[in-house]
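Scroll down for the structure; my scribbles are underneath it.
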Amino acid sequence: MNDFTNAEWREIVAYFDARCAYCGERAETMHREHMIPLIRGGDHTAANIVPACPSCNLRKSTKTLIEWLAIQ
85 MNDFTNAEWR
95 EIVAYFDARC
105 AYCGERAETM
115 HREHMIPLIR
125 GGDHTAANIV
135 PACPSCNLRK
145 STKTLIEWLA
155 IQ
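Reminder that position 44 of the sequence shown reads as 128 in this note's numbering, one-by-one numbering, no gaps.
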């Protein structure tokens, strides 16, 4: 499923106060981070996407949210 709009992205970023969902930092560019990666069967929908700074997004890579939190 791939029903994710730019309007939804703006709402999600506003909900997180323009901060990374993982570290809380602000970044000039936020990545659309999939809590369950697309390659692992996640959907490209608002329910699976949070804003992440480039550093957190790259560190999380293809791990699920649960896997990533377990090693933090």
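Note that CB positions come from ideal geometry on N, CA and C, so glycine has one too. Quantities reported herein were computed from a predicted structural model and do not represent experimental measurements.
At which residues does the beta strand (DSSP E) containing residue i begin and terminate?
{"i": "residue 116", "result": "115-118"}
{"i": "residue 136", "result": "133-136"}
Determine the DSSP secondary structure at residue i, reduced to helix, strand or coil.
{"i": "residue 106", "result": "coil"}
{"i": "residue 27", "result": "Lying before the first or after the last residue shown, residue 27 is absent from the chain, which here runs from 85 to 156."}
{"i": "residue 112", "result": "coil"}
Would you mind giving the Cβ-Cβ distance between residue i and residue j, rounded to the nearest angstrom? I have them listed as a contact below 8 Å.
{"i": "residue 117", "j": "residue 102", "result": "Wrong, their Cβ atoms sit about 14 Å apart, outside the cutoff."}
{"i": "residue 88", "j": "residue 113", "result": "No, residue 88 and residue 113 are not in contact; Cβ-Cβ is about 18 Å, not under 8 Å."}
With respect to the alpha helix (DSSP H) encompassing residue i, which residues constitute its N-terminal and C-terminal limits?
{"i": "residue 94", "result": "90-99"}
{"i": "residue 130", "result": "It is not in any alpha helix (DSSP H) - residue 130 carries neither H nor E in the DSSP assignment."}
Should residue i and residue j be called a contact, given that it needs their Cβ atoms to be closer than 8 Å?
{"i": "residue 148", "j": "residue 120", "result": "yes"}
{"i": "residue 126", "j": "residue 132", "result": "yes"}
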